[in-house]
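Residue numbers (the working numbering): -3 to 467.
Here a beta-carbon is modelled for each residue, glycine too, at the ideal position from N, C-alpha and C.
Data first, discussion second: the structure below is written as structure tokens.
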């Protein structure tokens, strides 16, 4: 099957849109919406922690302000389905940039891009999240760096990119690191004029990142994430499994070897691969950046061979067939799935990353409980803050790296209580807990049942949640 170049381009965009047309199942969605809604209602950005009663006075230097406003506006006017459409549109925008880096191989581009996204599905498969903007930003830096080889003045766009990036995700610091690596490459190749242009653009990019509601605080927050062993606490920060690590090592070795063999004048690009390889080995959430750096450097190394493959008639037919098949498959399976999830609240409550306590929430709304401080699961924090804004909860996804008086991660403190470790009762009382909303069968639930109402009395239970109030 062979189709025209123009039709292939449109079909590629349609395929990418459908690939990214996913329901927003990220557990952090709720508190992001609360932040965005706060801006829409007050015209100011929320700085002080008003969502949890643990660390209530903490001032969080959040680098996601623009993202949160985007979410809130989209949700206000088009609900969850609108968020899925936005995510699909972001995917199309990213693919457009990706395809421009090596525009002479469109069929290989869609194949490689699909492999890149699927290899990073652990991140991209959760619907719209802030990491998508760092992926896009790193890609944009590579794209501008390539264009600037012939037109250095294009780097004037770099500071503008970082203004947006620093207000979308803290990963903008990785973009500055990539700029530094490209700068070293130009010095090594004795491209002095181009190196100077990049140094100036990079300097102003670092300054432009300060144009955000928190100023230099976004840099401080990025650094803080390196000071806690989050890989021992949070699921998305854990290292990849052994099989994935072996695969990452193989890809890294092949990529670096290809640079040394075919692109000796670009040898410092190996630093990009090494940087993202180290990050990917530490946390699976960084795998997309490593895969992106690898495929871009491999494409650069083998570009002449890829051009020959692009012209192969059998390859063209095979890719066209795969593309059309992919569109049909996504249209038949993923699109109905996303519509069902986004438009059916019952599905949202029961079929996402977490099973949310929606029936318990209905009970709480119809039977208000005295006291606003609620100890609840970390994974429910954002959702509960969104659905029960009149209450404050113990922790949520913002907080793992926040400093505490005892130098523990807030998540560690949460675990000590939910696991019913010695002293849990004193902690609940000292933090001012009014009542508990727990998952049934947790250590704390079992412990409280065994105490038979010594401190807390059960007033509600279903298959997803149990509520305890003070006796």
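*Could you check which residue in 350, 145, 333 and 77 has the C-alpha nearest to that of residue 189?*
For residue 189, the nearest C-alpha among the options comes from 145.
*When burial is assigned at 16 or more other CB atoms within 10 Å of the CB, is residue 70 buried or exposed?*
buried
*What residue does the alpha helix (DSSP H) around residue 33 start on, and which one ends it?*
25 to 38
*asked:* Less than 7 Å between C-beta atoms, sequence neighbours within five positions excluded: which residues of the same chain meet that for residue 213?
replied: 57
*According to the Cβ coordinates, are residue 90 and residue 135 closer than 9 Å?*
yes
_Pairwise C-alpha distance: residue 120 and residue 244_ = Rounded to whole angstroms, residue 244 and residue 120 show a C-alpha spacing of 18 Å.
*Given a cut-off of 9 Å, decide if residue 65 and residue 109 are closer than it, judged by their beta-carbon atoms.*
no
*For residue 182, does the count of other Cβ atoms within 10 angstroms reach 16, so buried, or fall short, so exposed?*
buried
*Tell me, please, whether the segment 438 to 447 touches the segment 413 to 425 by the rule of three or more beta-carbon pairs shorter than 8 Å.*
Yes: at least three Cβ pairs fall under 8 Å.
*Within its chain, find whatever has a CB closer than 6 Å to the CB of residue 207; leave out the 5 residues flanking it on each side and keep chain order.*
159
*Nearest to residue 550 (by Cα), restricted to the options 390, 350, 197 and 2*: This structure leaves residue 550 out entirely; the chain is present only between -3 and 467.
_Member of 313, 443 and 43 whose CA lies at the smallest distance from the CA of residue 30_ = Looking at the Cα atoms, 43 is the closest of the given residues.
_Can you look up residue 48 in the DSSP assignment and give me helix, strand or coil?_
strand
_So, does the segment 79 to 86 touch the segment 277 to 290, judging by three or more C-beta pairs under 8 Å?_
no
*Reduced DSSP category for residue 4 - H, G, I as helix; E, B as strand; rest coil*: Three-state result, residue 4: helix.
_Using only CA atoms, which one of 430, 335 and 366 lies nearest to residue 74?_
Residue 335 is the option with its Cα nearest to residue 74.
*residue 41 by DSSP, collapsed to three states: which one?*
coil
*Kindly provide the ranges of any alpha helix (DSSP H) runs that are 4 or more residues long and lie completely inside the segment 182 to 232, ordered along the chain.*
Listed in chain order, the complete alpha helix (DSSP H) runs (minimum 4 residues) inside the segment 182 to 232 are 188 to 204 and 213 to 220.
*Cβ-based neighbour list, residue 349, same chain, cut-off 6 Å, excluding 5 preceding and 5 following*: 21 and 23
_Looking only at its chain, what residues have a beta carbon closer than 7 Å to the beta carbon of residue 137, apart from the 5 residues adjacent to it on each side?_
171, 174 and 175
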